[in-house]
Structures are given as C-alpha cells and as structure tokens.
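These notes concern the structure reproduced below.
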Amino acid sequence: MTVILHIDSSVRAITNDNTEHNSISKALASLFISHLHSVTNIDEYIHRDVGVNPPQFITQDWIGAVFTPEAQRTAMQRQTLALSDELIAEVSRADVIVISSPMYNYGMPAQLKAWFDQIIRINKTFDFDLARGDKPLAPLLSSKTLVIITSSGEFGFEKGEINETASHLVPHLRTLSKYLGVEKIYEIKSEYQEFGDRRHEQSLQTAKSQTKALAAVIAEKTSESL
Ligand SMILES: Cc1cc2nc3c(=O)[nH]c(=O)nc-3n(C[C@H](O)[C@H](O)[C@H](O)COP(=O)(O)O)c2cc1C
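Here the sequence shown is numbered in this note's numbering, starting from 4 and rising by one per residue.
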C-alpha cells in the first residue's frame, strides 16, 4: 500500500495567462507525481494546495482544545480541532510526503507554516516528557519519506554559498520533518528565477532531470518495502 501526500504551497498556479507567473515549484512537483504514477502503483494520492486554500491559523481556543483531555472536549473544541485531525490523519496515512514550496522572504510561505502548525500537535504527532532531559519532545510517527521541492528567486543557500546565512526555507523544513515521522529526505531545488538568465534555465533543467530520476528511486524504494 503506497500512499502519497502531496502539499503545494505557492500562491501561484501552475499555468497562468502570463506564463512568466507560472509556479515553478508546483510544476516540478506535478512532474514528480506524474512520473511516479507512470513507474509505480499509487494506492492513494492525496493532494492539497495550501497556497490557494490555506489552513486556518491556530488560535488560543485551538491551544485550549489541544490541552483539554480528549474525553472532556466540548463539541465546540472538537470542531476547533477538526481540520487539524483531518490533516494529521493524511500525514499519518502517507508513506511518501511531497512538499513543494516557494521561498518567500527567505523562508516558507505563511500558508505552509499554518499547515505545519495544525499538524505538529502534542500527543498526536509528538509527545513531551521531561524525563528525556533537555530534549523532551519525541515524534510519534515514523518511517516516512519526504521529497522537498523548492524554487527561489535568488541562489546559493547551501552551506558555504553566497546566501547561506539567509537560508531559512529548507533547513526549517528539515527540522519540522522529524515531527511528520520523516526518516529520509530528498531535496530538489530550482534557483535564479529572479535573474531570468541562463543560470535559471540551467537550474530548472537540472531540477527537472533530478525530479524524473527521483521518481524512479522512490518507486523502487516503495516497491521494496511492500
Ligand atoms: C512574496 C515573495 C517573496 C519572495 N522572497 C524571496 C526571497 O526571500 N528569496 C528568494 O530567493 N526569492 C524570493 N522570492 C522569489 C520566489 O522564491 C520565486 O519567484 C519562486 O520561483 C516562487 O516559487 P513559485 O515559482 O513556485 O511560485 C519571493 C517571491 C515572492 C512573491
């Protein structure tokens, strides 16, 4: 049983009347999914575009509901947590999670952060025990693979590169992935969008090739684990 959860988060669509406004991260993620479909059996495919349909931000009432024991929650509190329950159920079912994200202001879009805030929830996706000393949080989910697909206007966000100190997108996703139960991460990036030059074209072509190759790798790995 292979379940794929695909989360897009750019506010841009894959295709627009002005093609210069097409989302690169969504196009790459779509390419990945279509290649995966062509090389393996996907039992369930769940797709959310949080860029276009953002999850609600969490609130004080949301926190109150989370910290109320389940059996004592009011109908209103259960309703407050309904979206969180639904999103967590999707993550729990997934074997492979694909997150496509633009870089906005050197990090992830607020819409994607809202998705994580709904999901990373005590006694659902992590638990908290001071007996663990200075690292009291532990994830409750496991065995998932994450594919991170990003697009940025600038470039050089890796260690030792020109924009290393402004790199708050992929490092943040890597940190949070632990609480989705991720044990293996693959990363694909397209850079230089704002330069619109040959470097961008090259970066995009490389990302497309890597996307297709990665679909084959993931297909093999998921069939091995069946
Ligand atoms: C609101 C906004 C903020 C952005 N901030 C950054 C940034 O901090 N660094 C960067 O390299 N590119 C930045 N960009 C450029 C985007 O990362 C780039 O256009 C990327 O291709 C967007 O992803 P998409 O094509 O999937 O929509 C920003 C774009 C927007 C619209």
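Cβ atoms here follow ideal geometry from the backbone N, Cα and C, with glycine treated the same way.
Are residue i and residue j close, meaning C-beta to C-beta below 9 Å?
| i | j | result |
| --- | --- | --- |
| residue 87 | residue 12 | no |
| residue 3 | residue 91 | Any property of residue 3 remains undetermined from this structure, which presents the chain solely from 4 to 229. |
| residue 194 | residue 157 | yes |
| residue 146 | residue 199 | no |
| residue 32 | residue 165 | no |
List the endpoints of the continuous alpha helix (DSSP H) containing residue i.
| i | result |
| --- | --- |
| residue 132 | Unbroken run through residue 132: none, as it is neither H nor E. |
| residue 104 | From DSSP, residue 104 is part of no alpha helix (DSSP H) but of the beta strand (DSSP E) over 99-105. |
| residue 47 | From DSSP, residue 47 is part of no alpha helix (DSSP H) but of the beta strand (DSSP E) over 47-52. |
Under 8 Å: does the beta carbon of residue i sit that close to some heavy atom of ligand 1?
| i | result |
| --- | --- |
| residue 111 | no |
| residue 35 | no |
| residue 29 | yes |
| residue 51 | no |
| residue 106 | yes |
| residue 196 | yes |
| residue 73 | no |
| residue 26 | yes |
| residue 78 | no |
| residue 15 | yes |
| residue 156 | yes |
List the endpoints of the continuous beta strand (DSSP E) containing residue i.
| i | result |
| --- | --- |
| residue 6 | 6-11 |
| residue 154 | 147-154 |
| residue 2 | Since the displayed the chain opens at 4 and closes at 229, residue 2 lies outside it and no answer follows. |
| residue 16 | Premise fails: residue 16 is in no beta strand (DSSP E) and is neither H nor E. |
For residue i, name the three-state secondary structure that DSSP assigns.
| i | result |
| --- | --- |
| residue 64 | helix |
| residue 177 | helix |
| residue 36 | helix |
With a threshold of 8 Å, are at least 3 pairs of Cβ atoms found where one atom belongs to the segment 172-181 and the other to the segment 107-125? yes
Would you call the segment 23-37 and the segment 70-77 touching, i.e. three or more CB-CB distances under 8 Å? no
Counting beta carbon pairs with one atom in the segment 196-214 and one in the segment 118-133, are three or more of them shorter than 8 Å? no
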